[in-house]
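Asks: Every position in the sequence shown, counted from 1, becomes a number in the working numbering once 159 is added. Quick reminder that beta carbons are idealized off the backbone N, C-alpha and C, glycines included. Have a look at this one before I ask anything.
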Amino acid sequence: MLPYGRQSIVESDIEAVAEVLRGDWLTTGPAVGRFEAELTRWTGGVPCVSVTSGTAALHVAYVAAEVRAGDEVITSPLTFVATAAAAALLGARVVFADVQPDTGNLDPDAVAAVVTPRTRVVTAVDYAGHPADYDELRAVADPAGAVLMADSAHSIGAAYKDRPVGALADLTAFSFFPTKTVTTAEGGAVAAADPERFRRAARFRNHGLVREPADQREPDVGGWHQEVHEFGLNYRLPDVLCALGVSQLRRLEGFRERRRELVARYDALLRDVPGLTLPAQRAYVRPSWHLYPVRVRDGRRREVYDRMRAAGIGVQVNYVPAYWHPVFEDLGYRRGLCPRAEAYYAEELSLPLFPDLTDAQQDRVAETLAAILR
Ligand SMILES: *Cc1c(COP(=O)(O)O)cnc(C)c1O
160 MLPYGRQSIV
170 ESDIEAVAEV
180 LRGDWLTTGP
190 AVGRFEAELT
200 RWTGGVPCVS
210 VTSGTAALHV
220 AYVAAEVRAG
230 DEVITSPLTF
240 VATAAAAALL
250 GARVVFADVQ
260 PDTGNLDPDA
270 VAAVVTPRTR
280 VVTAVDYAGH
290 PADYDELRAV
300 ADPAGAVLMA
310 DSAHSIGAAY
320 KDRPVGALAD
330 LTAFSFFPTK
340 TVTTAEGGAV
350 AAADPERFRR
360 AARFRNHGLV
370 REPADQREPD
380 VGGWHQEVHE
390 FGLNYRLPDV
400 LCALGVSQLR
410 RLEGFRERRR
420 ELVARYDALL
430 RDVPGLTLPA
440 QRAYVRPSWH
450 LYPVRVRDGR
460 RREVYDRMRA
470 AGIGVQVNYV
480 PAYWHPVFED
490 LGYRRGLCPR
500 AEAYYAEELS
510 LPLFPDLTDA
520 QQDRVAETLA
530 AILR
């Protein structure tokens, strides 16, 4: 089965990992700082904390935003459930706002309609690798005193109005799962411009441990002394995986370019196929495409999904609206809440997109799809 996404691993990636395995530090050694420094070059200088997954990154970012029980977190339903789940686990009430019908990104007007004095965070999702409309989102979040967050699991390397992802929101979460543009097997990171939020993020991923004597309540106990002031967890990304991350980030420009090329080829190959809506792109955005999300009209998405899979093409659907999951249904969330996200989901089909996809494989995907729809 041709997958919808997969990692690209070359000899230099393997060598980078092997080098760490031969050394002294498997975790919490020098590769962690190297990876975070490399990441910071992609976020326009905004410092980054590496963690064990994109889900951990979201959890850490909500903690850094000081989300507490009873707070409201506004987000898009057209996302992986973790965007909402990480906030719900902190006791927040998740408020879903609808998406723009063409990009699938959080609609700033829909956010403005549900923002309240209890809104603690507004979390955008850069769906498919196309950044959300951050200027408009900020214009809603800032006056409400809410933190603007980006779930940029899809969009590392993308830019919005010439500003890089990582520098667009107050807090940005990345994922380095194998299907994502850059991988560390499992892994993630949080970018935080504000030093206090950065410190909260860095502490939370390491049990909340306070090591700097200047910040301790009892700084004179001895060299072994460390304190916990607020609970945290172990979300530390090991050196072995950070080394892979460094090596992958050096290839990010190439990944982004090949993905852009494949997207342009899909656009050309599928332009005249009936019953298909191709992904939209804003003129002021430079996407870093993670997905190629087409929409299959006329109620034929299920049929096309089944027939593509039967032909050995591992298409995917991104995403079931988050509040359709029974966990939200049981909390009283009802279908019909965000009609544009539901309409998008009903038609959405992600075609294979990854750097090592060959032109010939892509031609077969396009021909198979066209043959079904013609
Ligand atoms: C992949 C993904 C996540 C979760 O990342 P993991 O690394 O798999 O935990 C969160 N949000 C979105 C939008 C994602 O695509």
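Going by DSSP, name the residue or residues bridged to leucine 307.
Replies: Answer by DSSP bridge pairing, in chain order: Val281.
Asks: Count the other CB atoms within 10 Å of the CB of glycine 491; is the residue buried (16 or more) or exposed (fewer)?
Replies: Looking at its Cβ environment, which holds fewer than 16 other Cβ atoms inside 10 Å, glycine 491 is exposed.
Asks: How is the beta strand (DSSP E) around cysteine 207 delimited, first residue to last?
Replies: Start and end: 207–210.
Asks: Determine the direct distance from the alpha carbon of alanine 177 to that of serine 171, and round the result to whole angstroms.
Replies: Answer to the nearest angstrom: the Cα atoms are 10 Å apart.
Asks: Going by DSSP in three states, proline 323 sits in which element: helix, strand or coil?
Replies: If DSSP states are grouped into helix, strand and coil, proline 323 belongs with the strands.
Asks: Let me know the alpha helix (DSSP H) ranges lying completely inside the segment 214–263, each 4 residues or longer, listed in chain order.
Replies: Runs found: 241–248.
Asks: Which whole-angstrom value describes the C-beta separation of leucine 512 and leucine 421, a residue pair presumed to lie in contact below a C-beta threshold of 8 Å?
Replies: 6 Å between Cβ atoms; contact.
Asks: In this structure, does DSSP put tyrosine 451 in helix, strand or coil?
Replies: Of the three classes helix, strand and coil, the one that applies to tyrosine 451 here is strand, per DSSP.
Asks: Could you tell me the alpha carbon to alpha carbon distance between glycine 404 and glutamate 174, rounded to whole angstroms?
Replies: Roughly 12 Å between the two C-alpha positions.
Asks: Starting from serine 509, trace the beta strand (DSSP E) both ways and give me its first and last residue.
Replies: 507–510 is the extent of the beta strand (DSSP E) around serine 509.
Asks: So does glycine 434 have its beta carbon nearer than 6 Å to some heavy atom of ligand 1?
Replies: Outside the cutoff, so no.
Asks: Going by beta-carbon coordinates alone, are alanine 306 and alanine 224 separated by less than 7 Å?
Replies: Per the sequence shown, residue 306 should be read as valine rather than alanine. Yes, Cβ-Cβ distance for valine 306 and alanine 224 is below 7 Å.
Asks: Below 7 Å between beta carbons: does that hold for glycine 495 and methionine 160?
Replies: For glycine 495 and methionine 160, no; Cβs fall outside 7 Å.
Asks: Just list the residues that DSSP pairs threonine 331 with in beta bridges.
Replies: Paired residues: Ala309, Ala350.
Asks: Applying the 10 Å Cβ sphere with the 16-neighbour rule, what's the burial state of histidine 313?
Replies: Buried, because 16 or more other Cβ atoms sit within 10 Å of the Cβ of histidine 313.
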